[in-house]
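In the working numbering, the protein residues as written are 90 to 345.
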Amino acid sequence: MRDVKRLNILGQPVDALTFDRALTLATELAQDHEKTSYIVAVNPEKIMTARRSKLVSDFLHNADLAIPDGIGVVAAARLLYGEKLERVAGADLMQELCRVSGSYGLKLFLYGSKEEVNASAAKKLKERFPDVDIVGRQDGYLPEDEYGTLVERINASGADVLFLALGSPMQENWMNRYGASLKVGVCMGIGGTLDTIAGAVKRAPLGWQKARLEWLYRLLRQPSRFWRQRKIFIFASWIVFLKLTGYGRRRKSTPL
Ligand code: UDP
């Protein structure tokens with residue numbers, strides 16, 4: 090399983106793997122109920138959050154798969170180590186996992202987002218992939234004192250895959266706290282993916298995605314994200330600084 094090369098970018102892990110390999114590994118983790126595994130989508134925003142939060146940082150380091158979700162981490166790996174990573178967008182991996190879930194007999198649980206978004210995303214997934222087996226779902230605005238009951242419901246559903254659409258770092262904190270009580274094969278944080286599946290938030294058109302400007306599209310559509318997305322600029326400044334000082338190539342890993 091861990092024959093995947095793990096890079097260290099600003100102290101956080103990023104796995105060097107292709108999209109197909111990530112999908113294969115995700116299906117393997119989902120089928121293995123010996124332990125609950127974790128898939129995290131690593132992007133510049135999350136790396137900067139992890140640098141300030143030991144909890145998020147520990148969570149990333151303990152993840153079974155740390156996929157290179159953002160073009161920023163792909164560029165950083167190239168600049169610092171000369172590694173050509175393929176971008177594995179969490180939103181794409183989630184939907185591919187849904188697409189192939191029928192052929193592996195995987196049961197899915199959707200937790201997070203507003204009730205209407207969660208319900209609509211479940212309906213859309215079922216229309217898109219008729220074999221998909223969604224055995225349970227829950228919106229992301231449940232009071233904390235009901236989390237224990239939710240864990241029981243998830244376990245009773247027999248789900249193999251738990252998708253958490255709570256946003257970061259809430260979804261990492263939730264997995265940290267309740268992961269040990271879960272009996273699912275794999276948990277994956279998917280941020281705002283249910284919003285895009287439901288059509289509540291538009292994903293960048295393909296042209297923008299291909300031009301690697303999905304982050305800019307999100308920022309223009311939702312200017313309120315500026316405060317969060319400023320982390321992307323801080324991340325980029327760090328990478329450029331490390332590149333200019335030759336740190337990455339000398340050490341084969343970045344500091345902190
Ligand atoms: N959300 C939730 N419960 C909360 C706060 C947020 O379910 O208490 C959901 C929110 O409805 C949205 C998602 O979490 O669907 C966060 O989306 P965002 O795009 O901000 O996530 P990111 O991937 O950027 O962290």
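The beta carbon of each residue, even a glycine, is placed where N, CA and C say it ideally should be.
Computed from a predicted structure; not experimentally measured.
Selected residue, minimal CA-CA separation from Val-145, among Gly-335, Gly-247, Ser-257:
Ranking the options by Cα distance to Val-145, first place goes to Ser-257.
Range of the contiguous beta strand (DSSP E) that encloses Gly-280
Element bounds for Gly-280: n/a, residue is neither H nor E.
Using the DSSP secondary-structure output, state which residues sit across from Leu-251 in a beta bridge.
Phe-198, Cys-276
Just list the residues that DSSP pairs Leu-96 with in beta bridges.
Val-103
Proximity winner among Arg-140, Leu-169, Ala-130, Val-240, relative to Lys-332 (alpha-carbon distances):
Ranking the options by Cα distance to Lys-332, first place goes to Leu-169.
Closest to Leu-214 by CA distance: which of Thr-282, Gly-179, Gln-120 is it?
Thr-282
At the level of alpha carbons, what is the spacing between Leu-195 and Arg-301?
Each residue's alpha carbon lies about 32 angstroms from the other.
Whole-angstrom C-beta distance between Leu-149 and Ala-139, which should lie under 8 angstroms
5 angstroms
If I'm right that Ile-321 touches Gly-161 with Cβ under 8 angstroms, what's the distance once you round it to whole angstroms?
6 angstroms
Identify the continuous beta strand (DSSP E) that holds Tyr-127 and give its terminal residues.
For Tyr-127, the uninterrupted beta strand (DSSP E) run begins and ends at 126-131, by DSSP.
Assuming Tyr-193 and Thr-116 are in contact, meaning their beta carbons sit under 8 angstroms apart, how far apart are those beta carbons, in whole angstroms?
Indeed, because the Cβ distance is near 5 angstroms, the residues count as touching under 8 angstroms.
Quick check on Ala-155: does DSSP put it in helix, strand or coil?
strand
According to DSSP, simplified to helix, strand and coil, what is Gly-225?
Strand.
Ends of the alpha helix (DSSP H) at Asp-181?
In the DSSP annotation of this structure, the continuous segment of the alpha helix (DSSP H) that includes Asp-181 starts and ends at 179-193.
Return helix, strand or coil for Val-206, following the three-state DSSP convention.
Val-206: helix per DSSP, three-state reduction.
Measure the CB-CB distance between Met-183 and Phe-108 and report whether it falls below 8 angstroms.
no
Start and end residues, alpha helix (DSSP H) containing Phe-315:
315-333
Between the CA atoms of Leu-271 and Gly-229 - distance to the nearest angstrom
17 angstroms
Of the listed residues Pro-294, Arg-319, Val-250, Pro-133, nearest to Leu-186 (C-alpha basis):
Val-250
With C-beta atoms as the reference, is Val-163 less than 8 angstroms away from Ala-111?
no
Coarse secondary structure for Ser-257, derived from DSSP in three states:
coil
Alpha carbon of Arg-307 to alpha carbon of Arg-314, nearest angstrom:
8 angstroms
Check this for me: beta carbons of Ser-190 and Asp-222, under 8 angstroms apart or not?
Cβ atoms of Ser-190 and Asp-222: closer than 8 angstroms.
Does the distance from the C-beta atom of Tyr-236 to that of Tyr-267 stay below 8 angstroms?
yes
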